[in-house]
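Participant:
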Amino acid sequence: MKIFWSWQSDTHQPSGRYFVREVLQRLCDKLADALDLEQAERPQVDHDTFEVAGSPPIAETILQKIADAAVFVADVTPVTKTNGGKHVANPNVMIELGYALAKLRHARIVLVMNTADGASVKHLPFDLRHWRQPISYSLKRDATDEQRAEVANELTEAFRQAIVPSLKVAASEEDAKRRSVQRMPELDVEIDPDSALLPYLKITQLPATREIKSIEAIRDDYQPLRFSGQTENWMLGLSLAEFGQPTYSPLPSQWTKEEIDGYNRALNRFYERWDHYVAEMEEWSLALQRTFEFRLVLANKGSAPATNIDVDLTLPAGLVLHSATDEILPEPEAPEPPPFAPYGHGGTSILAAGNNLPNVLAPFPRSTTIEPEKNLVRFRISNLKHGRRVDIAAFKATFRSGWDIKPFAVKYVITANEPLKPTTGQLHIDVKLNGEALATDSDDPQ
242 MKIFWSWQSD
252 THQPSGRYFV
262 REVLQRLCDK
272 LADALDLEQA
282 ERPQVDHDTF
292 EVAGSPPIAE
302 TILQKIADAA
312 VFVADVTPVT
322 KTNGGKHVAN
332 PNVMIELGYA
342 LAKLRHARIV
352 LVMNTADGAS
362 VKHLPFDLRH
372 WRQPISYSLK
382 RDATDEQRAE
392 VANELTEAFR
402 QAIVPSLKVA
412 ASEEDAKRRS
422 VQRMPELDVE
432 IDPDSALLPY
442 LKITQLPATR
452 EIKSIEAIRD
462 DYQPLRFSGQ
472 TENWMLGLSL
482 AEFGQPTYSP
492 LPSQWTKEEI
502 DGYNRALNRF
512 YERWDHYVAE
522 MEEWSLALQR
532 TFEFRLVLAN
542 KGSAPATNID
552 VDLTLPAGLV
562 LHSATDEILP
572 EPEAPEPPPF
582 APYGHGGTSI
592 LAAGNNLPNV
602 LAPFPRSTTI
612 EPEKNLVRFR
622 ISNLKHGRRV
632 DIAAFKATFR
642 SGWDIKPFAV
652 KYVITANEPL
662 KPTTGQLHID
672 VKLNGEALAT
682 DSDDPQ
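In my numbering, the protein residues as written are 242 to 687.
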C-alpha cells in the first residue's frame, strides 16, 4: 500500500516538500505496526519516478503511480498570484490531483497546506473550497529545530486521522476488485437475526420477587437461650419435636451455662450465615437477570468454498462466559439452624460447614471451545461452501456487575486456508437497561 506524495518546488522546500515527506514517512512507519499490515502491504511514501528503473516517460509514470496508490496526498499551498490578485496552486499538482480524483475518488485524497506565508482556505480554487478543508500547518523558513519537531508531531497526528480511514477504504476496494476477477471465499460473523441481541439486548435489574425471611424474622424464630429463668419461656408452645430432635435430648433447664453459651455462639454464627445468604440471593437474582445467550452465525458470502476455518471471538472484560449447556448460576443454599441441643465444653460447634457458595461470577465449567479466563470463544469448522451459513455453537455470558451493563463490541478474527489473509471485525451490541437505551462510550459526554 503506497501513499503518493504530490509535491511542488515553488515554495521553500525544507519547510514544504521535504518536511511533509519526512512526516509522511514517519507516519508510515507507525502505521505498519498499528494496522498490523504484512510486509508487502506496509504503507510507504511514493513520489514522481521514485524507484522506477531506466528512463521512463515521467508524466505516464507519475499517473500510473497515482492510479496504483492507496492514498494521494497533495500540497495545495498557493505558489503565486495573478495580476488580478487570485492565488494559484502549482499547476502540476493540480493536474495530478484531477487525475487522482478520477481514479481514487474523494475518500482516498488528502490535501495539505503550509499557512506560514499567509495561505488560507479562501485562496484555494473554487471547487477545492467545497472539499474537506486541507490539513494545515505553519512552519516558517527560519523555524528552529524545536519548532520543526513540534509542528512535525502535530502534522503526523493530523495525517493519521485523515489517512488511516483512507487506507481502510483502499484495502476494502482492493479486496472487492480481487473478488470480482477471481473466485474466493468471503467469511464474516453475524448476529443471528432471531437472536435476543437484536435490535437491543434487553437487561433488567429489579429486586427479587421470591419471599426470603429477613435476618430480623430469623432472629425472632430462633432466639438465644438464657441460663436463668428462661426454661419456661422456651417451653411455652414449643416441643423438641419441632426442632427435629429426639425426645430423649435433655431439656434446656438441664443444660449447663457452658452448654447454653455454646448453643448461643452457634446461633450467632447461623445469624451471620443467614445474613450472608440474603445478600447472596439478592446478587444471584440480579446476576440471572444479567445473563443472556449469544447466537451467532458464520457466513461465506464469497464465490468459492473456505476450508479449515477457525473463528476466535473475544468479549470485553465486563462479561463472564459460560457454555450454553452448563448450569449457569446455581442457586445459593439456605443455611441450616444449629441443632437444638446442648454444646460441650468450650462451645464446640456442631454446625455443618454450610454451602460455602463461591462468588456467583467465579469461572464456570468450560467447554472445549470456551476459555472463560481469556473471555475467548473458539469455533472451528472444516469447510463452508459459498453462499452458506452455519450456526456458531451457542454460549452464554453474564455482566459481572450492574456497573458493567453497557453497549459493547465482540471482536472476531477468522482464519482459513482460503482466503490467506485473516478476516477481522467487530459486532456491536446495543443494550437497554430496564427499558432505557444506554449510550455507547462514544456517546458519553464525558
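Ideal Cβ positions, reconstructed from N, Cα and C, are used throughout, including at glycine. This one's a predicted model, so the numbers in the text were calculated from it and none came from an experiment.
1. Are PHE636 and ILE611 touching if we call contact CB-CB under 7 angstroms?
2. In angstroms, rounded to a whole number, what distance separates the CA positions of ASN658 and LYS322?
3. Determine which residues share a DSSP beta bridge with PHE612 and list them.
4. Would THR356 and ASN675 qualify as a contact pair, given that the criterion is a beta-carbon distance under 7 angstroms?
5. Starting from GLY339, follow the alpha helix (DSSP H) in both directions and report where the run begins and ends.
6. Would you mind working out which of ASP358, GLN249, ALA458, ALA403 sits nearest ASN333, comparing C-alpha positions?
7. For the candidate residues THR397, THR302, ALA384, whose alpha-carbon lies nearest to that of HIS263?
8. Buried or exposed for LEU492, going by 16 or more other Cβ atoms inside 10 Å?
9. Going straight from the alpha carbon of THR664 to that of PRO375, what length do you get?
10. Here's the rule I'm using: 16 or more other beta-carbon atoms within 10 Å means buried, otherwise exposed. How should GLY643 be labelled?
11. Note down, in chain order, each residue of its chain lying with its Cβ closer than 6 angstroms to the Cβ of ARG694, except the 5 sequence neighbours on either side.
12. Find the nearest neighbour of ALA411 within the set ASN616, LYS243, VAL654, PRO660, judged by alpha-carbon distance.
13. For the beta strand (DSSP E) containing ASP429, name the first residue and the last one.
14. Per DSSP, which one or two residues make a beta bridge with HIS563?
15. Buried or exposed, going by whether 16 or more other CB atoms sit within 10 Å of the CB of PRO434?
16. Taking the continuous beta strand (DSSP E) assigned at VAL519, which residues delimit it?
17. Looking at the secondary structure, which residues open and close the alpha helix (DSSP H) in which LEU369 lies?
18. Can you look up THR589 in the DSSP assignment and give me helix, strand or coil?
19. Could you give the DSSP three-state label for ALA273: helix, strand or coil?
Facilitator: Let me spell this out:
1. yes
2. 59 angstroms
3. The sequence given here has Glu at residue 612, not Phe. Partner(s): LEU617.
4. no
5. 332 to 345
6. GLN249
7. In the sequence under discussion, the amino acid at residue 263 is Glu, which differs from the His named in the question. Among THR397, THR302, ALA384, the Cα nearest to that of GLU263 is on THR397.
8. exposed
9. 33 angstroms
10. exposed
11. It is not possible to answer for residue 694, since the shown part of the chain is limited to 242 through 687.
12. LYS243
13. 428 to 432
14. LYS637
15. exposed
16. Element bounds for VAL519: not the beta strand (DSSP E) but the alpha helix (DSSP H), 498 to 530.
17. 367 to 370
18. The predicted position of THR589 is uncertain, since its pLDDT is 42 and thus under 50; a value taken from the coordinates is nonetheless stated next. If DSSP states are grouped into helix, strand and coil, THR589 belongs with coil.
19. helix
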